[in-house]
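Worksheet: one structure, shown below.
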Amino acid sequence: MAGMLMFLYDDGVVGKLDVRGLGFHPTGLSTYDPNYFDLDIQPIFVGSSEVGVVAHVDTTWRDIHIRGEQNDEYPYGTNLRFALGFMQIVGTHVITDADFDTAHGIGIGVWGSQGGKLIVGGPHPEDRVTFTDMGFAGVYGYTDANMQIDVSNVQAVNVATAFAMYELDNCRVHMWDVETVNGSGAATGPCAVGCIARPSTYLFERNIIRQAPGTTWAGFEMWQDADVKSDIVIRNNKISGEGSFLWGPIFTLGAKGTIITNNTITGSGPAAMYLWVDDSGLMVKGNNVQGWKVDSGPCGEECPGFPLAPIWLAWNTTGITVAGSGNLRTNVFDETDNPDTPAYDGANILVGVNSQGAHIGQAIRDAMQARIAAKKLLMTKIPY
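Going by our numbering, the residue at position 4 of the sequence shown is 923; the numbering climbs one at a time, nothing skipped.
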């Protein structure tokens, strides 16, 4: 991987960096380096890749334009893996008025930072940051701790997920006023190299998410399959999706106490919300799913004859409160509810909603779990 503009800092350095009015449109591939096993280009790198080296540098980036080159003969289809990367550097990093285009990886990445802030976008129209044709994520956080991350006034077009975060320890994340076209909104997971020791807080609000048809990334995809559970709020978003099984507008797994409220969800598929195994104590209230058309097609043979509904509560969920939205009565498919008894006797709390259960054989559950395992394997192999 070759850098075009690299700011490398020694341990303990304190400084400031201000970069404005800069553009890169690299063509071709870098010279092959056997130490890194690829030919990709990363235009801008800040920090250090040496273990244990930490610098404190505040950076400002404005009027930045980076675009990769697409070529079917390249190993990954484009010559760009990252556009702007920060590694092991503490400080406040502000990126505004920028666009990142055509990479098989990510636009902005932060790895191994132990403090500071990342601010992408801002309150003014001229602060907008755009990501176009990114294979994985617009903004990516990986093994960071004690950080504040704010992402707003961002547009992502043809980007798998606008914001992906894995193993963020004791971080505060806020994403709002983000718009996607043919892309998902956010994905989180507690484990990467290891698993978090302290919870983080995540707030996703006032975003407009338009998933790509048949995507394998949920609109908001919240993995909490570790001992330490983070605090997550998903509220006041507009999400549309079509034809994806398990990876619908909202997917949670292993979450505890997550709040999902006042979202408007439209589109079609087996479910709009998949609240999956080991979820407990979630509050799902006031969401409008009346514009969701239940379609079993994407399930194939994995949900034969199930009483599908916009909200699907998987087996082994407990204490999830699902409350209706005013006069709009929501249907719920709750696997913990015994279909042989007329009254609800499941493990969750349903208020003002209609519920049905179903007898699901082990083979069907195994097939669903295989989908989960395949997705986790994909996440661990993402080379970013």
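Beta carbons are placed, not taken as given, at the ideal position from N, Cα and C, and that holds for glycine.
Computed from a predicted structure; not experimentally measured.
Residue range 974 to 986 is occupied by the beta strand (DSSP E) that includes H984.
For T1240, the CB contacts under 6 Å within the same chain, skipping 5 residues up- and downstream, are M1202, I1268 in chain order. Between the alpha carbons of D1046 and Q961 lies a gap of roughly 23 Å. For the pair V1013 and P1109, the Cα-to-Cα distance works out to about 25 Å. Annotated three-state conformation of P1217 is helix, per DSSP. Using a 10 angstroms sphere on the CB of V1048, the tally of other CB atoms reaches 16 or more, which defines it as buried. Counting along the chain, the unbroken beta strand (DSSP E) around F1082 starts and ends at 1064 to 1085. Residue pairing by DSSP places E1098 opposite Q1074, I1127 in a beta bridge. Q1281 is classed as exposed because its beta carbon has fewer than 16 other beta carbons within 10 Å across all chains shown. By the C-beta density criterion, K1148 is buried, having at least 16 other C-beta atoms within 10 angstroms. Proximity to S1163 across D1264, S1187, V1270, T946 peaks at S1187, based on C-alpha coordinates.
Minimum Cα-Cα distance from E1140 among the listed residues V938, H944, A1266, F1123 corresponds to F1123.
For the pair V1078 and V1097, the CB atoms are not nearer than the 8 Å cut-off.
Shown here, R1154 sits in a strand according to DSSP, grouped into three states. For the 8 Å CB-CB criterion, H975 and T997 do not form a contact.
The alpha-carbon of H984 is positioned some 51 Å away from that of N1273. According to DSSP, residue pairing for M1298 in a beta bridge does not occur. Here A1292 is exposed: its Cβ has fewer than 16 other Cβ atoms, across all protein chains shown, within 10 Å. Here T1249 really is in contact with I1230; their C-beta atoms are around 6 Å apart, less than 8 Å.
Per the DSSP secondary-structure output, T1011 pairs in a beta bridge with K1036. The beta carbon of P1132 is closer than 6 Å to those of E1161, G1162 in its chain, skipping five residues each way along the sequence. Taken through DSSP and simplified to helix, strand or coil, R1117 comes out as coil. Under the criterion of beta carbons closer than 8 Å, I1169 and A1145 do not qualify as touching, at roughly 20 Å.
In its chain, beyond the 5 residues on either side, E1124, R1125, N1181 have a beta carbon closer than 6 Å to the beta carbon of N1155.
Separation of the CB atoms of F1082 and M1094 is rounded to 6 Å, and the pair is thereby assigned contact status at 8 Å.
Assigned with DSSP and collapsed to three states, R1091 falls in strand. By the beta-carbon neighbour count (other beta carbons within 10 angstroms, threshold 16), E1221 is buried. The distance from the Cβ of N1206 to that of I1178 is about 11 Å, inconsistent with a contact at the 8 Å cut-off. Residue environment analysis places Q1288 among the exposed positions, since fewer than 16 neighbouring C-beta atoms fall within 10 angstroms of its C-beta. Residue nearest to R1117 within the set V1270, R981, T1062, D1069 is T1062 (criterion: CA-CA distance).
Assignment of beta-bridge partners to L1172 by DSSP yields W1142.
In this chain, I1239 is not harboured by any beta strand (DSSP E), its DSSP state being neither H nor E.
Between the C-alpha atoms of T1236 and I1151 there is a straight-line separation of about 17 Å.
The C-alpha of V1100 is placed about 28 Å away from the C-alpha of V1251. In the three-state reduction of the DSSP assignment, R939 falls in the strand class. Your pair L1165 and R1284 does not check out as a contact, with CB atoms roughly 13 Å apart and the cut at 8 Å.
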